[in-house]
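J.:
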Amino acid sequence: MPSTAQVPEGTESLLVEEVVLFVSVHLGRSPGLMWLEHEPPDPGALAEFLPAALARRLDRPVGVLPHVSGDTRIPHDLLVCQLGGSGTWHIAPPTGSALTLRLRTGAALYAPAGSVCTPRHSAGSRVLLLALGAPKSQNEKE
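Under our numbering, the first residue of the sequence shown carries the number 890, and numbering increases by one thereafter.
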């Protein structure tokens, strides 16, 4: 059952618009890194409203992943929001060159489906991992 969480007004709605634009530019194409201009007052609240907001705006299922570790081939598009601390992500996309990106608090990373991701987190690192699923079929739309 999809989440009914609503996007709060103010900074959070600007953040959703910013993330939607970022994901739309990279979706299915290439990895991308963005520094969030509109940080939420409570970064922990992202997990409550961002998945449902992105699902509505991108017209595809969005789920929260518990973690990605080691060398993991991700079967879905991945959005990583660095909520605290820092981490390094090595991304080998299905096409193009591999790259290593350093994320600090306030960064967002997109990796296309089929990428092999190798994260290394610093002590105290907190991330929100979102799986961006396939677009809904006509039969699934309400």
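Heads up, the beta-carbon is just placed ideally off N, CA and C, and yes, glycines get one too. Just so you know, these numbers come straight off a predicted model, no measurement behind them.
Could you tell me whether the Cβ atoms of Gly976 and Ser1004 are closer together than 9 Å?
T.: As a first step, residue 976 is located in the sequence shown; it is residue number 87 there, counting from the start. As a first step, residue 1004 is located in the sequence shown; it is residue number 115 there, counting from the start. No, Cβ-Cβ distance for Gly976 and Ser1004 is not below 9 Å.
J.: Asn1028 by DSSP, collapsed to three states: which one?
T.: As a working mapping, residue 1028 is identified with position 139 in the sequence shown. With a pLDDT of 44 at Asn1028, under the threshold of 50, the predicted position of this residue should be treated as unreliable, though the coordinate-derived value follows. Residue state, collapsed to three classes: coil.
J.: With a cut-off of 8 Å, do at least 3 Cβ pairs link the segment 940-952 to the segment 983-990?
T.: As far as the Cβ criterion goes, the segment 940-952 does not touch the segment 983-990, which means the pair count is below three.
J.: Identify, in the order they occur along the chain, each residue of the same chain with its Cβ nearer than 8 Å to the Cβ of Pro964, setting aside the five sequence neighbours on each side.
T.: Here the question's residue 964 lines up with position 75 in the sequence shown. Excluding residues within five positions, the ones whose Cβ falls inside 8 Å are Ala1002, Gly1003.
J.: Could you check which residue in Leu922, Arg993, Gly974 has the C-alpha nearest to that of Leu967?
T.: As a working mapping, residue 967 is identified with position 78 in the sequence shown. The residue with the shortest Cα to Cα distance from Leu967 is Leu922.
J.: Excluding five sequence neighbours on each side, which residues of the same chain lie with their C-beta closer than 6 Å to the C-beta of His830?
T.: The displayed coordinates of the chain run from 890 to 1031. Any statement about residue 830 would go beyond what the structure contains.
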